[in-house]
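Enquirer:
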Amino acid sequence: MRKIPILRKQSERQIILRRGRGYHGVNIGGTTLQGIQANREGWGELFPNVIEIDPTNIESAASIFAEYGEQIAGVVTEPLQGAGGVFPPPSGYLEGLRRLCDDYGALLVFDEVITGFGRTGNWFASDTYGVKPDIITFAKGVTSGYQPLGGVLISRTVCDVIESDPDFTFMHGYTYSGHPAASAAAIANINIIEDEGLVQRAEIIGDKLSGGLKALEKDGIFSEVRGVGAIWAAQVADASTEQGLVIRDKMTEMGVICRAINGALAFCPPLVIEENDIDLIIDTAAKAVDEVTAK
318 MRKIPILRKQ SERQIILRRG RGYHGVNIGG TTLQGIQANR EGWGELFPNV
368 IEIDPTNIES AASIFAEYGE QIAGVVTEPL QGAGGVFPPP SGYLEGLRRL
418 CDDYGALLVF DEVITGFGRT GNWFASDTYG VKPDIITFAK GVTSGYQPLG
468 GVLISRTVCD VIESDPDFTF MHGYTYSGHP AASAAAIANI NIIEDEGLVQ
518 RAEIIGDKLS GGLKALEKDG IFSEVRGVGA IWAAQVADAS TEQGLVIRDK
568 MTEMGVICRA INGALAFCPP LVIEENDIDL IIDTAAKAVD EVTAK
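Its first residue numbered 318, the sequence shown is counted upward by one per residue in this note's numbering.
(1) Measure the CB-CB distance between residue 525 and residue 592 and report whether it falls below 8 Å.
(2) Drop a sphere of 10 angstroms on the beta-carbon of residue 487, count the other beta-carbons inside from all chains shown, and report buried for 16 or more, exposed for fewer.
(3) So for residue 441, helix, strand or coil by DSSP?
(4) Relative to the alpha-carbon of residue 464, which residue among 492, 506, 434, 489 has its alpha-carbon at the smallest distance?
(5) What residues match up with residue 581 in a beta bridge as DSSP calls it?
(6) Using CA atoms only, rank isn't needed, just tell me which of 545, 323, 495, 396 is closest to residue 517.
(7) By a C-beta neighbour count over all protein chains shown, 10 Å radius and 16 as the cutoff for buried, is residue 357 buried or exposed?
(8) On the DSSP bridge list, what partners appear for residue 428?
(9) How far does the beta strand (DSSP E) with residue 358 in it reach, from first residue to last?
(10) For a test of the three-state rule: what should DSSP assign to residue 398, helix, strand or coil?
(11) What residues in its chain sit with their C-beta under 7 Å from that of residue 389, if we drop five residues either side in the sequence?
(12) How is residue 423 classed by DSSP in three states: helix, strand or coil?
(13) In terms of residue numbering, what span does the beta strand (DSSP E) encompassing residue 333 cover?
(14) Do residue 450 and residue 404 have their CB atoms nearer than 8 Å?
(15) Apart from the five residues on each side of it in sequence, which residues of its chain come closer than 8 Å, Cβ to Cβ, to residue 499?
(16) Which residue spans inside the segment 461 to 538 form an unbroken alpha helix (DSSP H) run of at least 4?
This is the structure:
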């Protein structure tokens with residue numbers, strides 16, 4: 318959660334805005350910043366001065382900025398919300414956050430742990446949606462999970478401000494920071510992504526996967542299909558959260574791993590998936606939904 322001390326560098330700016338449905342990990346900083354209530358339970362009191370904004374209505378953020386103005390340090394959000402249900406941003410929403418941050422001198426932080434390194438059809442979702450944040454956090458796709466590695470990218474402007482203050486000490490360090498094996502895995506992984514054109518392949522995967530899911534939507538199996546690139550979710554028609562879990566388990570029995578989120582099935586396949594495996598995902602989803610909802 319190294320973004321928090323960067324955001325709160327100025328003593329008069331201590332308020333951070335988070336989005337409902339957002340997910341930023343389950344350490345104390347990430348739990349404070351996330352908007353999934355079930356993940357916040359059991360922690361007791363979390364970090365203060367964090368305000369939740371509506372995940373779809375930019376006017377919610379505008380009203381908070383109007384009230385607190387230059388007390389706001391920044392906004393932390395996933396460009397596409399993943400663990401909250403795979404929700405792409407509403408049209409104009411991210412642009413609205415960027416504009417509000419610019420107007421009030423706050424920083425915009427994108428958590429690209431899920432969306433980074435090709436998942437959305439670009440290296441980062443900030444490129445997909447055409448909105449440039451001040452800070453990006455990343456992990457997961459940088460090594461494809463072969464080694465644990467995460468990091469923070471900051472803009473030149475933010476870096477210049479930090480470096481210009483001789484009294485500011487950025488206390489940062491972990492036992493395994495800069496681990497050579499993890500760093501080597503990241504370099505090798507990035508080379509493979511580039512050499513095999515996997516960023517572009519995310520769009521091909523997404524077209525086929527979403528096309529199959531939308532065909533099932535027309536058949537009435539799903540009530541909504543949403544996503545971008547190679548990350549998609551299909552809302553099971555009239556399914557409860559519990560039914561979603563049962564459908565997930567049924568799919569696992571059939572050999573396909575997915576995630577169930579509030580009655581939706583979420584799919585985030587590897588960027589090297591073969592087309593026949595995408596067909597298997599779609600066929601298995603249809604069979605599992607039929608079996609569970611027919612009971």
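Even glycine gets a Cβ: it sits at the ideal position worked out from N, Cα and C. Quantities reported herein were computed from a predicted structural model and do not represent experimental measurements.
Expert: Checking against the coordinates, here is how it stands:
(1) yes
(2) It counts as exposed.
(3) coil
(4) 506
(5) 552, 578
(6) 545
(7) exposed
(8) 454
(9) No beta strand (DSSP E) holds residue 358; DSSP gives it neither H nor E.
(10) strand
(11) 330, 332, 334, 382, 421, 423
(12) In the structure shown, residue 423 falls within a coil segment according to DSSP collapsed to helix, strand and coil.
(13) 332 to 336
(14) no
(15) 460, 464, 465, 466, 493
(16) 473 to 481, 497 to 512, 515 to 535
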